[in-house]
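When we follow our numbering, the leftmost residue of the sequence shown carries the number 25, and every step to the right adds one.
In this text, a Cβ means the ideal position worked out from N, Cα and C, and glycines have one as well.
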Amino acid sequence: METQLNLFSSEKNTDENVILSASEESPNVKKSFVVDASHNDSKNVKYKSLEEAKTAAMVCKKCALCNGRTNVVFSDGIENAKIMIIGEGPGENEDLQGLPFVGRAGQLLDKIFASVNLNRKEHLYICNIVKCRPPNNRAPLEEEANACSEYLKAQIKYIDPKIIILAGAVAVKGILKIKDPKITKIRGQWIESKDPLLANRKIMPIFHPSYLLRHEWNKNPDSPKAMMWKDVQEIKKAYESLTRCE
Ligand code: URA
Ligand code: SF4
């Protein structure tokens, strides 16, 4: 039986096997990649509603991160969002306020999406791989991400976003099970997953906003900020094409 501790697949994708095929479906992107992660399915979602998942998370002690938290950081944004953004885990400000992406990186994330008129009050649902702050802002361990995945799976099932944005390598690893994702290579690509919980959703890795904070802006078209600008425009296009189809 698939253990509950495994997130979206028990098998790790590697850079070599993650890209099974490339297609030219979207005129806006050069390629979209298909990831094989078909071991999970939404029947594995433990909770009957988002509310039930949130209630459980608020008192969760399933991993050691519960020891250092001030608040469980479940989500922000709207529950009928078409776009879900998944980050890594709460930092200090998030832990204190109980909301994701409210510190410096979060403010930058808000600015990036505001540049294409998308915001958390009207369009976005924002959450993280782990709901409790890792000590000294270290990356969450695999076992912590796995323990917390039951909440994330419920969030994906019940929010049912058409677009999932993975901010940074930890989110890519947690969702797509790519062992050592090269974010500089895969950012800005639409990825499809065969995982039933992820199927029919457009998934795009982007740089984590804190990575951008560490890089000075420059005019080089290859600068991380320039790429982020390009990626968010692509996200907006995909969002607009969804709303056109309604
Ligand atoms: N970084 C993250 O990945 N998530 C947050 O909520 C804040 C900072
Ligand atoms: Fe529970 Fe997730 Fe917090 Fe760990 S990080 S204690 S699994 S809510």
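Where residue i falls, given that 16 or more other Cβ within 10 Å makes a residue buried
i	result
ASP204	exposed
ALA178	buried
GLU35	Note that GLU35 scores 48 on pLDDT, short of 50, meaning its location in the model is unreliable and no value can be drawn from it.
GLY92	exposed
GLU265	Looking at the sequence provided, one finds Ser at residue 265 rather than Glu. Exposed: under 16 other Cβ atoms inside 10 Å.
VAL83	exposed
GLU118	buried
PRO51	With a pLDDT of 41 at PRO51, under the threshold of 50, the modelled position of that residue is not reliable, and no figure is offered here.
ARG268	exposed
SER234	buried
ARG162	exposed
LYS145	exposed
SER217	buried
LYS197	buried
Contact test: residue i Cβ vs the ligand SF4 heavy atom, cutoff 7 Å
i	result
TYR175	yes
LYS197	no
CYS84	yes
GLU168	yes
ALA81	yes
VAL96	yes
ALA171	yes
Segment limits, beta strand (DSSP E) that includes residue i
i	result
LEU148	148-152
Contacting residues, own chain, Cβ-Cβ under 7 Å from residue i (five flanking each side not counted)
i	result
LEU237	ARG128, ALA129, LEU132
LEU123	VAL97, ASP100
ALA193	PRO205, ILE207
LYS186	LYS106, ARG225, LYS226, LEU266
LYS78	PHE98
Residue i beta carbon near the ligand URA (any heavy atom closer than 7 Å)
i	result
SER99	no
GLY92	no
ASN152	yes
PHE125	yes
GLU216	no
SER234	yes
GLU112	yes
GLY115	yes
ALA129	yes
GLU305	The chain is shown only over 25 to 270; residue 305 falls outside these bounds and no answer can be derived.
ALA138	no
Limits of the alpha helix (DSSP H) - the one that residue i falls within
i	result
ASN117	116-121
SER265	248-268
LEU132	128-138
Spatial neighbours of residue i in its chain, beta-carbon cut-off 8 Å, leaving aside the 5 residues before and after
i	result
LYS254	GLY212
LEU120	THR94, ASN95
Near the ligand SAM: residue i beta-carbon under 7 Å from a heavy atom
i	result
LEU89	The model depicted lacks the ligand SAM and carries the ligand URA and the ligand SF4 instead.
Close beta carbons around residue i, own chain, < 6 Å, minus the five adjacent residues each side
i	result
LYS70	GLU174
LYS86	ALA171
ARG232	In the sequence on display, residue 232 carries His and not Arg. Closer than 6 Å at the Cβ level, and outside the excluded window around HIS232, lie ALA191, GLY192.
HIS239	PRO248
GLU168	CYS87, LEU89, VAL154
PRO114	VAL97, ARG157
Minimum Cβ-Cβ distance from residue i to chain C less than 8 Å
i	result
GLU116	Chain labels in this structure do not include chain C; a single protein chain is all it has.
Quiz item: Which ranges would you report for the beta strand (DSSP E) in the stretch 80-114 if only whole runs of at least 3 residues count?
Solution: 107-111
Exercise. Could I get the ranges of all uninterrupted alpha helix (DSSP H) runs contained in the stretch 155-234, with 4 residues as the minimum, in chain order?
Key: 166-183, 193-200, 207-210
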